[in-house]
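Asker:
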Ligand SMILES: C[S@@+](CC[C@H](N)C(=O)[O-])C[C@H]1O[C@@H](n2cnc3c(N)ncnc32)[C@H](O)[C@@H]1O
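Residue numbers (the numbering used here): 194 to 450.
1. Please list the terminal residues of the continuous alpha helix (DSSP H) segment that includes residue 311.
2. Compute every distance between the C-beta of residue 247 and the non-hydrogen atoms of ligand 1, then say whether any falls below 7 Å.
3. Does any heavy atom of ligand 3 sit closer than 7 Å to the C-beta of residue 258?
4. What are the partner residues of residue 247, as DSSP defines its beta bridges?
5. Within its chain, find whatever has a CB closer than 8 Å to the CB of residue 336; leave out the 5 residues flanking it on each side and keep chain order.
6. Run the proximity test for residue 330: is its beta-carbon closer than 7 Å to any non-hydrogen atom belonging to ligand 1?
7. What does a CB cutoff of less than 7 Å around residue 286 pick up in its chain, not counting 5 residues either side in sequence?
8. Leaving aside the five residues before and after residue 222 along the sequence, list all residues of the same chain whose C-beta is less than 7 Å from its C-beta, in chain order.
9. DSSP three-state call for residue 393: helix, strand or coil?
10. Along the chain, where does the alpha helix (DSSP H) containing residue 352 start, and where does it finish?
11. Roughly how far, in whole angstroms, is the beta-carbon of residue 403 from the beta-carbon of residue 351, given that I think they are within contact range, below 8 Å?
12. Would you decide whether residue 386 is buried or exposed? Buried here means 16 or more other CB atoms lie within 10 Å of its CB.
13. Is residue 212 near ligand 1 - that is, is its Cβ less than 7 Å away from at least one heavy atom of it?
14. Specify the secondary structure class of residue 198 as computed by DSSP and reduced to three states.
15. Hey, quick one: how far does the beta strand (DSSP E) through residue 387 stretch, first residue to last?
16. Would you mind working out which of 274, 228, 323 sits nearest residue 254, comparing C-alpha positions?
17. Can you list, in chain order, the stretches of the beta strand (DSSP E) that have 3 or more residues and sit fully within the region 396-438?
18. Relative to the alpha-carbon of residue 271, which residue among 262, 244, 292 has its alpha-carbon at the smallest distance?
19. Keeping to the same chain, check which residues put their C-beta closer than 8 Å to that of residue 414; ignore five residues upstream and five downstream.
20. I want to know whether the region 283-297 touches the region 313-331 - three or more CB-CB distances under 8 Å.
21. Over the uninterrupted beta strand (DSSP E) stretch that includes residue 261, give me the two end residues.
Put into structure tokens, the structure is as follows:
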């Protein structure tokens, strides 16, 4: 049973309440609500641009992102669309339609992310800098490193890169690629850790440029106060926001009882 969390934006919340669980997929409702809030925060601040997901599957997460868009904006689902069968792209588009997301707001792009050049991604997304890019394709450290480099090259100044399954026990070294990326891009910060709901719906990391952190961090801590782990996260010399379905702090007194 997933956390009853909402992002505060009607169209997304209606999908989270009734629709999200019916779309097969691996992303958590918890992370979808928080990422949709990030998109709304950008929209409220006047920052526009496309949304991209690498690894779309049947669209569980991307539908939520598409519903958070402003008129005229589009979400692009990049996937090889060959797993577990060749009909997965049709099911993705049917799930979009069933949840009120038409072709004017979403597009399926059948590609292997490892072979996409930045210029191709830019052309496929109308040449505009991307304001939110979710990395959820092949989880090997090598592919995540390559997806991160691609994401970085198309990101808008206030853009956010979300990386799925960073602390998933099945992918213990995925985090190494994230660490190396942050070391190679000192202007980037780990802005928020979104904790897991369970072993399938695992944690996401949100990265953005250092000068964009202020746009999001207080908003996330306030909006999701019930889920805010107030100790924060040690993020390479900075503190990042940590949001978790059940925040609690270890208390020594209790441990001694
Ligand atoms: C974990 S699923 C994605 C879950 C989805 N984001 C959701 O919300 O449920 C991973 C997807 O990544 C796709 N994928 C794996 N390797 C890929 C690659 N190199 N390029 C593009 N997509 C890839 C798979 O086909 C699969 O649909």
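Backbone N, C-alpha and C fix where the C-beta goes; we use that ideal spot for every residue, glycine too.
Answerer: Short version:
1. One-based indexing of the chain shown puts residue 311 at position 118. Run containing residue 311: 311-317, per the alpha helix (DSSP H) assignment.
2. On the chain shown, position 54 is the one that residue 247 refers to. Yes, the beta carbon of residue 247 sits closer than 7 Å to at least one heavy atom of ligand 1.
3. Ligand 3 is absent from the structure shown, which contains only ligand 1.
4. Along the chain shown, one-based indexing puts residue 247 at 54. In the DSSP output, where bridge partners are listed per residue, residue 247 has 271, 328.
5. The count along the chain shown starts at 1 and reaches residue 336 at position 143. Contacts found: 306, 307, 330.
6. The residue you call residue 330 lines up with position 137 of the chain shown. It does: the Cβ of residue 330 is within 7 Å (strictly closer) of some heavy atom of ligand 1.
7. Taking the first residue of the chain shown as position 1, residue 286 is located at position 93. The answer, listed in chain order, is 301.
8. Looking up residue 222 in the chain shown gives position 29. Only 195, 196, 198, 209, 213 meet the Cβ criterion.
9. Counted from its first residue, the chain shown places residue 393 at position 200. Three-state result, residue 393: coil.
10. Within the chain shown, residue 352 is the residue found at index 159, counting from 1. No alpha helix (DSSP H) holds residue 352; the beta strand (DSSP E) holding it covers 348-357.
11. Here residue 403 is taken as the residue at index 210 of the chain shown, counted from 1. Here residue 351 is taken as the residue at index 158 of the chain shown, counted from 1. No, residue 403 and residue 351 are not in contact; Cβ-Cβ is about 12 Å, not under 8 Å.
12. Here residue 386 is taken as the residue at index 193 of the chain shown, counted from 1. Residue 386 is buried by the Cβ-count criterion.
13. Residue 212 sits at position 19 when you count from the first residue of the chain shown. No; taking the cut-off as 7 Å, the Cβ of residue 212 has no heavy atom of ligand 1 nearer than that.
14. Mapped onto the chain shown, residue 198 falls at position 5. Looking at residue 198 - three-state DSSP - the assignment turns out to be coil, as it is neither helix nor strand.
15. Counting from 1 along the chain shown, the entry for residue 387 is found at position 194. Per DSSP, residue 387 belongs to the beta strand (DSSP E) from 381-387.
16. The sequence position of residue 254 within the chain shown is 61, counting from 1. For the residues 274, 228, 323, the minimum Cα distance to residue 254 belongs to 228.
17. 397-402, 432-436
18. Along the chain shown, one-based indexing puts residue 271 at 78. It is 244.
19. Mapped onto the chain shown, residue 414 falls at position 221. Counting only Cβ-Cβ distances below 8 Å, and skipping sequence neighbours, we find 421, 434.
20. no
21. Walking along the chain shown from the start, residue 261 turns up at place 68. From DSSP, residue 261 is part of no beta strand (DSSP E); its letter is neither H nor E.
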